[in-house]
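What follows is one structure encoded as structure tokens, with my remarks underneath.
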Amino acid sequence: MSRERAQAMRGLVFLEKISGFILVVIGAILTYSTGKELNNLGAVGCMLLAAGVIVLIIGLLLIIAKAE
């Protein structure tokens, strides 16, 4: 593998980890704030809670994924 390609791969892996971290933070905030106000939100609250958990899981998968 050439040096430029290796450097580009490192940059993409770094970007993947950073975007995963951002998704984890957004998912955690969404899950926490929705869970706190679940009684006031009604049926939409369950959907938002599920969306927060899904975003959190996707972020975790991006963080732990290994690039080859």
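Counted from 1, the sequence shown has number 43 at position 41 by the working numbering; the numbering is strictly sequential.
Glycine residues also receive a C-beta, built at the ideal position from the N, C-alpha and C atoms.
Item: Extent of the continuous alpha helix (DSSP H) to which GLU39 belongs; Value: GLU39 -> no alpha helix (DSSP H), and no H or E assigned at all.
Item: Nearest neighbour of GLY29, chosen from LYS68, LEU40, LEU62, LEU43 [CA to CA]; Value: LEU62
Item: Alpha-carbon spacing of LEU14 relative to ILE60, whole angstroms; Value: 17 Å
Item: CB contact check: LEU58 to chain D, cutoff 8 Å; Value: The displayed structure is made up of one protein chain only, and chain D is not part of it.
Item: Cutoff 8 Å; reference LYS19; Cβ partners in own chain excluding five residues on either side; Value: LEU64, ILE65
Item: Where SER35 sits in the DSSP three-state scheme; Value: helix
Item: Alpha-carbon to alpha-carbon, PHE23 and ASN10; Value: The sequence shown places Ala at residue 10, not Asn. Taking the straight line from one Cα to the other gives about 20 Å.
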